Amino acid sequence: MTRVLVVGSVNMDLVVEAERYPRLGETLFGKRFASYPGGKGANQAVAAARLGAQVSLLGCVGRDMFGSQLKETLRAEGVDIGRLREADVATGLATITLAEGDNAIVVVPGANHQLLPEHLDQDEQAFRDADVVLAQMEVPLATVERAAELAQRHGKPFLLNPAPARPLPSSLLERTALLTPNEHELAQALDEQGDWQTLMRKLPGRVAMTRGKDGAYFCRADGSLHHQAGFVVSAVDTTGAGDTFNGALAAFWPQGLEAAMALACAAAALSVTRSGAQSGMPTLAALQQMLKEQA
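Here this note's numbering is used: the first residue of the sequence shown is 50, the next is one more, and so on.
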């Protein structure tokens, strides 16, 4: 059982579904509304836990109704929340609009920005105990940098999903065993323009890029690109696909990167067949059944 430490965000997702996206200044009637537990950190923690990993989440929620609900949800999913802190600010929130088979998201960080580097220092034992450390960019950059430093100190691979997109310091990239961007996030992380193949080759052996239904690509150490094809499914909600991919990649990390990518792409494909970021994430049994059916 892979021991995964996730350093990241915990949000409540407020989801509106509409026929199309509104134009600037336009008001539309929506089709339906729902709320779901979310946040990239929590989502990736749940994805890894459902796939059989032993997961601990290092994050922060507010002392409010959403915070209490999210803690209970994580506990029910088997995620260790012993290192989940509370702050006297609102729990993080994401508003998600679903339309035209895709999604648009606005995030209000709230308590997520109260997770500070010194909190990671206080929980350094978690880095010693982990097999792999996974982080995203919905907590402060300094906190992500500290997570990378602690992972390196204890000889643990540091996986970084650079979302939301932003330029990343070279020191952080150097400590990252694997960067997992989409095409836009890759350009932002490197703060460079160019075709994605050229950009991937700037991090040989250390970048796996997702491309939606086309699957994912890994740049090997020799600069060659390995393509893991996507799986054909009927998409209902793509919100949690990237987080499922990352959680699965961490859970299956000991199997080797290219094998882990294949399983992660399959898990991500399965996740889009149901609504909600976390609620759509597959169990290990569901993933195995899908692979058996498509063999």
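Ideal placement from N, C-alpha and C gives every residue a C-beta, glycine not left out.
As the structure is a computational prediction, the values presented were derived from the model and not from experiment.
Beta-bridge partners of residue i, as assigned by DSSP
i	result
Q277	A265
G87	N60
N92	According to DSSP, N92 bridges with nothing at all.
M50	Looking at the DSSP assignment, M50 forms no beta bridge with any residue, so it has no partner.
A257	F267
F364	Not covered by the structure: residue 364. The range shown for the chain is 50 to 344.
L228	L209, V256
Counted within 10 angstroms of its Cβ, other Cβ atoms place residue i as buried (16 or more) or exposed
i	result
Q237	buried
S320	buried
P230	buried
A297	buried
F267	buried
Q174	exposed
Q304	exposed
D178	exposed
G243	exposed
T140	buried
K120	buried
V128	buried
D292	buried
F176	buried
L73	exposed
E187	buried
S273	exposed
E126	buried
K281	Reading off the sequence, residue 281 comes out as Val, not Lys. Exposed.
P331	buried
P86	buried
Q185	buried
T122	buried
Closest Cα partner of residue i within the set the options
i	options	result
S324	R52, G272, R72, A83	A83
L147	S219, R81, R224	R81
S219	A270, E241, A179	E241
P166	V182, F176, P189	P189
L107	N295, G57, F115, F78	G57
A260	K89, P253, F294	Rather than Ala, the amino acid found at residue 260 in this sequence is Arg. Ranking K89, P253, F294 by Cα distance to R260 puts F294 first.
K262	D172, G150, A175, A335	G150
A308	A257, A290, R124	A257
F115	I130, L142, V104, V128	L142
V285	K341, V104, Q118, N152	N152
R112	V155, V182, V138	V138
G289	Q171, M310, L77, A326	A326
I154	Q338, A299, A212, H168	A212
P71	I145, R52, Y85, L123	I145
S283	A300, S273, G329, W245	G329
E66	G79, I130, P253	G79
T51	I130, V182, E75	V182
V64	E75, S105, S117, V156	V156
A200	R215, T332, L340, E223	E223
A191	H168, K251, H203, L306	H168
L306	R255, A334, Q343, L340	R255
G204	L217, A214, D180	D180
F301	T322, P206, L217, K341	P206
Only counting runs of 3 or more residues, tell me where the beta strand (DSSP E) segments fall wholly within the region 97 to 182, in order along the chain.
103 to 111, 133 to 136, 141 to 148, 151 to 157
Determine, using beta-carbon pairs with one atom in the region 91 to 99 and one in the region 311 to 327, whether at least three such pairs fall under 8 Å.
yes
Does the count of Cβ pairs from the region 267 to 283 and the region 188 to 204 closer than 8 Å reach three?
no
Please specify which runs of the alpha helix (DSSP H), each continuous and at least 4 residues long, are wholly inside the region 278 to 334, giving them in chain order.
290 to 300, 306 to 320
For the region 177 to 213, list the alpha helix (DSSP H) runs that are entirely contained and at least 4 residues long, ordered along the chain.
190 to 202
Three or more C-beta pairs below 8 Å linking the region 129 to 137 and the region 153 to 165
Touching, yes.
Check whether the region 85 to 92 touches the region 60 to 74, taking contact to mean three or more Cβ pairs, one atom from each stretch, closer than 8 Å.
yes
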